[in-house]
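Some notes on the structure that comes next.
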Amino acid sequence: QKLRLVEKIVARLGEDLAGRTFALWGLAFKPNTDDRREAPALEVIAALAARGGKVVAYDPVAMTEAKRVLADAPHVAFADSPMAALAGADALVVVTEWKEFRSPDFDELRRRLATPAVFDGRNVFTPAEVRHPYPIVLVHGAFADTTSWDGVAARLRADGHTVVAPENPLRGPAYDAAAV
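As numbered in my numbering, residues -12 to 167 make up the sequence shown, in order.
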C-alpha cells in the first residue's frame, strides 16, 4: 500500500527515473508530529532512489529526525520550505497532509516545477483547485483507474475541467496527446 504512489509515478514517468528530481512534502506518518514510524515517506524515497530518482524533501516538524536517518543518503536533500523543495523538481509528491500544504500558491508551484505533475498520496488537492489557469496534472486516488496521460486528460474533461496541454507533459513532445 505504501508504494502505490510510486507505482503511479512509474506508470506515468517510466521505470527509469534517472535524472529526475522529486519534491517530497511530508516525512512524518501524520500531520502535527515528528513521528516517522510507519511513515510512507522513507519507502517512497527508497523506491524513487532505486529507480535513479533524487528527492528534495520538506516537512514542517520531522526534518531533524529525517536528516539523522537519511544522513548518508546521497539521493536525498532537504529544503527549508515547501516552495524551496520545488525548485527544479520534475514533480511534486505529497506524502503527509500537513495543513500548510493545503493552499499553496499554484502559480508559483507551476513556475517552480520542471513538469506540471503533482502526485498527491493524501488527496490534499482536488482537481478543481489545480484546473485552468494552472496547467497541472494532478494524480491521486481519483485517477486510480487511469494509467495514461490520455486517460487522465479524458477523466479531467469528463469532470468539466479544461486540459491545456497540447502534448503529454510527463513524456514530452514525442508523445502526442488527444486534441485539446
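Using N, Cα and C, we set each Cβ at its ideal position, and we do this for glycine too.
Point to revise | Paired residues, beta bridge with T8 - DSSP | key: Bridge partners of T8 according to DSSP: K41.
Review point. Is it true that the region 51 to 67 meets the region -9 to 1, where meeting means three or more beta-carbon pairs spaced less than 8 Å apart?
Key: Contact fails: fewer than three Cβ-Cβ distances are below 8 Å.
**Study point:** C-alpha distance - A(-2) paired with L4, whole-angstrom precision
**Key:** Taking the straight line joining both Cα atoms gives about 11 Å.
Exercise for review: Compute the Euclidean distance between the alpha carbons of T83 and D92, then round it to the nearest angstrom.
Suggested key: If you take the alpha carbons of T83 and D92, they lie about 18 Å apart.
Check your understanding: For R23 versus A53, is the C-beta spacing smaller than 8 Å?
Key -> In this structure, R23 lies near A53, with their beta-carbon atoms less than 8 Å apart.
Point to revise | Residue range of the beta strand (DSSP E) that includes F65 | key: Counting along the chain, F65 sits inside the beta strand (DSSP E) bounded by residues 63 to 65.
Exercise for review: Quickly, what does DSSP pair V105 with across the bridge? List them, please.
Suggested key: L79, L125.
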